[in-house]
Amino acid sequence: MAYSKEVVIRARERLAGMKADKESLTQQRLSEAYRQIPRLWEIDRLLRQTMAAAVQTAFSKGGDVQAAMQQVRQENLRLQQERRELIEANFRPGWLDETSVCSHCGGSGYIGSTMCRCLSQLCLEEQKKELSLLAGSDASFDQFRLEYYEDAVAPNLGVNIRTVMAKTFDICLQYARNFSASSENLLFSGDTGLGKTFLSACIAKEVAAKGFSVAYESAVHLLTNMERAKFENDEAAREKVQRYTDCDLMIIDDLGTEIVGQFTLTALYTLINDRILSGKPTIISTNLTTDGIARRYNPQIASRLRGNFRRVAFVGEDIRLKKL
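For our numbering, count along the sequence shown from 1 and bump the result up by 5.
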């Protein structure tokens, strides 16, 4: 999964903290055990004597190296057995276990060059936190309320508002539940305050919870980062732009609120086209109609949005005003 550099850094810091806490707790308990049972300290000191030291002694005395090694092994086994018996007799089970924070990677976060599942899980949690900040911490499908949409025909559209929105909600819910690398692109289209941002945030969180990497950005911030990456040598912006291309799901909110210029048109087309060519799903929300998109953007962008995105309609009256 293409987690952002910031997400991976935060996850690695958490893992390092967990490892340090585990080691500190183990050391505290070991010190307490030594205080209560001094013989444990003596046993551990003896066990730390290496095989190499035993062999060196045998060499220096001209003895039988194999016999010396065998003698050390037997003594170590005897000491280990004595240690286990002392611990079992004086401490509750597991109290003095010296297990790692992760049995697979030892707390490093990687097995060879592959990210361990312990670090991957922390990356997932950090990504979900990041999406909560960007997309709204209270966004969830359970909180969608169909009753905010009138059970009436929209005069200018000739369709039942609640029926359309019930279908829109189901499309979004099924998209999130069945998301895969081959999922289709969606274009959320409708007036302000009809739930486009809310439902895109719901999708983002549920898809991220499945372990997919998700980038969620407003069109204004996205294009600002792309401009900084190109013209200002901004490393943080370059990393974000790379993530826009690499992530499993890219969500662009409020397309149409950005200032349109030659760079904007080129950058937006490049991102959309690159993701289409690589087969990576994208969701875009906009207040613009299909005709509005054609007027605002160049034919290449309009063609991509019309031909490669499934339009999902949002109709009704501003929900935020109704809530107030």
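We put the beta carbon where it would ideally sit given N, CA and C, even for glycine. Computed from a prediction, not measured in an experiment: that's the story for all the values here.
CA-to-CA, the gap between Cys177 and Cys107 works out to about 37 Å. Ile264 carries a coil assignment under DSSP once its states are collapsed to helix, strand and coil.
Every beta strand (DSSP E) of 3 residues or more that sits fully in the region 243-295 is shown, in chain order, as 254-260, 287-291.
The DSSP assignment places 190-195 as complete runs of the beta strand (DSSP E) inside the region 157-214, in order along the chain (cut-off: 3 residues). With contacts defined as CB atoms closer than 8 Å, Val225 and Leu254 fail to qualify as a contacting pair.
Where Ser223 is concerned, the enclosing beta strand (DSSP E) starts and stops at 219-223. Each of Thr291, Phe217, Met23, Ala94 was checked against the Cα of Phe203, and the nearest Cα belongs to Thr291. Arg301 sits in a helix when the DSSP states are folded into three classes. DSSP lists Ser194 as the beta-bridge partner residues of Ala318.
Checking the DSSP bridge columns, you'll see Ile116 partnered with Thr119.
If you check the CB distance, Ile298 and Leu199 do not come in under 8 Å. Judged by DSSP secondary structure, Trp46 falls within the alpha helix (DSSP H) whose first and last residues are 43-52. Nearest C-alpha to Tyr221 among Asp49, Gln75, Ile256: Ile256. Only exposed fits Val265, as fewer than 16 other CB atoms lie within 10 angstroms of its CB.
CA-CA distance, Ala214 to Ser125, rounds to 12 Å. Straight across, the Cα-Cα distance linking Ala25 with Leu51 is about 26 Å. DSSP, reduced to helix, strand and coil, places Ser308 within a helical segment of the structure shown.
Cys128 carries a helical assignment under DSSP once its states are collapsed to helix, strand and coil.
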